[in-house]
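Written out below as structure tokens is the structure these notes cover.
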Amino acid sequence: MELKVTDLQVRFGGVIAVDGVSLTVRTGSITGLIGPNGAGKTTTFNAISGLLRPSSGRMTLAGRALGRLGPAARARRGLGRTFQKMELFDSLTVAENVRLGREGSYAGSNPLSHFLPARGQQEQTHTAAAEAMRLCGIEELAHEVAGSLSTGQRRLVELARCLASPSRIMLLDEPSSGLDRAQTGRFGEILRKVVEERGLGILLVEHDMSLVTKVCDYIYVLDFGKPIFEGTSPEVMSSPVVRAAYLGDEEAEDAADGASGAAADSGSAAGAATRKERLS
8 MELKVTDLQV
18 RFGGVIAVDG
28 VSLTVRTGSI
38 TGLIGPNGAG
48 KTTTFNAISG
58 LLRPSSGRMT
68 LAGRALGRLG
78 PAARARRGLG
88 RTFQKMELFD
98 SLTVAENVRL
108 GREGSYAGSN
118 PLSHFLPARG
128 QQEQTHTAAA
138 EAMRLCGIEE
148 LAHEVAGSLS
158 TGQRRLVELA
168 RCLASPSRIM
178 LLDEPSSGLD
188 RAQTGRFGEI
198 LRKVVEERGL
208 GILLVEHDMS
218 LVTKVCDYIY
228 VLDFGKPIFE
238 GTSPEVMSSP
248 VVRAAYLGDE
258 EAEDAADGAS
268 GAAADSGSAA
278 GAATRKERLS
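Position in the sequence shown (first residue = 1) + 7 = the numbering used here.
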């Protein structure tokens, strides 16, 4: 399965938040989407998942257009999503939270389907939740109340809930936020395990570059809503265009201007100062 985004543009009034973003996410791989604060990463996610209507562009999942579908319909097609701010039900157990990932996929346009599951759905839900918790290594937390968990444990519960759904492509928005270095390393190992065992595709928005370079097969870089570079982890880390966007390195900006017209708006000292301010 393949998620393909072509020339995506999102406007808020007269402001263009995302401009000309194109990317491809395939099952069996982890794709990174990175950039400084305010680069348009979450806005891109919101457009792909159906929370925002883009001004222009085309999005397809397994060759089928997503443009007219809302978030629920896209989820039923196999598109999963997590958010920067964790959205767990603190009064429910871990297992109950994870089961919601599968139960939500059964809810269609008929309101009765939200309350009266079809025969066999309950067993499928429990099986999917148990497998998702196993993949994330949180089986021992199944009966714990979500509100009592640490940040690292809650992140794994959120991932497990997404894995319990029938998603084939998952959008993970800052999944390591709030985790320490050891927890982030473990989280990265779980992501690779999920891809290898389940054959899923992941589009990862993440600020922790050590995690990005460790797990991502291919990376797209945004700045001020525009794509400025794409490539493998070594290519991205050695790119003067990317260094200029993240660090405001004037030497990097000079090299970037010579290497890529896409970085033309990054060539001034004022632009460098803006980036430093955004990252501070």
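Note that beta-carbon positions come from the ideal geometry of N, C-alpha and C, so glycine has one too.
Quantities reported herein were computed from a predicted structural model and do not represent experimental measurements.
Does DSSP classify residue i as helix, strand or coil?
i    : result
S246 : coil
Q128 : helix
I197 : helix
K24  : Position check: residue 24 holds Ala in this sequence, whereas Lys was assumed. A24: strand per DSSP, three-state reduction.
F90  : coil
S56  : helix
R75  : coil
L99  : coil
G265 : Because G265 carries a pLDDT of 47, less than 50, the predicted location of this residue cannot be relied on, and no value is offered for it.
S240 : helix
L68  : strand
A271 : Bear in mind that a pLDDT of 39 at A271, under 50, signals an unreliable position, so the number given afterwards is only what the model happens to contain. In the structure shown, A271 sits in a helix (DSSP, three-state: H, G or I).
G42  : coil
S63  : strand
T31  : strand
S155 : helix
Check whether the Cβ atoms of residue i and residue j sit closer than 8 Å, and answer yes or no.
i    : j    : result
L34  : L207 : For the sequence presented, residue 34 should be read as Thr rather than Leu. Going by C-beta atoms, T34 is nearer than 8 Å to L207.
T51  : L15  : yes
L86  : S62  : no
F236 : V248 : yes
L156 : L148 : yes
T38  : L166 : no
A171 : R106 : yes
L229 : A46  : yes
V222 : R199 : yes
C169 : T239 : no
A135 : R162 : no
T132 : G64  : no
G42  : A252 : yes
F194 : S184 : no
L68  : R84  : yes
Q190 : G159 : yes
A164 : N104 : As written in the sequence, residue 164 is Val, which differs from the Ala given in the question. A contact, by the Cβ cut-off of 8 Å.
Q91  : E213 : no
L40  : Y225 : no
G70  : P234 : no
A54  : V17  : yes
M8   : R175 : yes
Which residue comes first and which comes last in the beta strand (DSSP E) that contains residue i?
i    : result
E9   : 9 to 19
I145 : Unbroken run through I145: none, as it is neither H nor E.
Worksheet item: Taking three-plus beta-carbon pairs below 8 Å as touching, is the stretch 143 to 157 in contact with the stretch 80 to 98?
Response: By the Cβ criterion, the stretch 143 to 157 is in contact with the stretch 80 to 98, since at least three pairs of Cβ atoms, one from each stretch, lie closer than 8 Å.
Worksheet item: Can you list the beta strand (DSSP E) stretches of 3 or more residues lying completely in the stretch 166 to 234, in chain order?
Response: Note on the stretch 166 to 234: whole beta strand (DSSP E) runs with a minimum of 3 residues are 176 to 180, 208 to 212, 225 to 230, in chain order.
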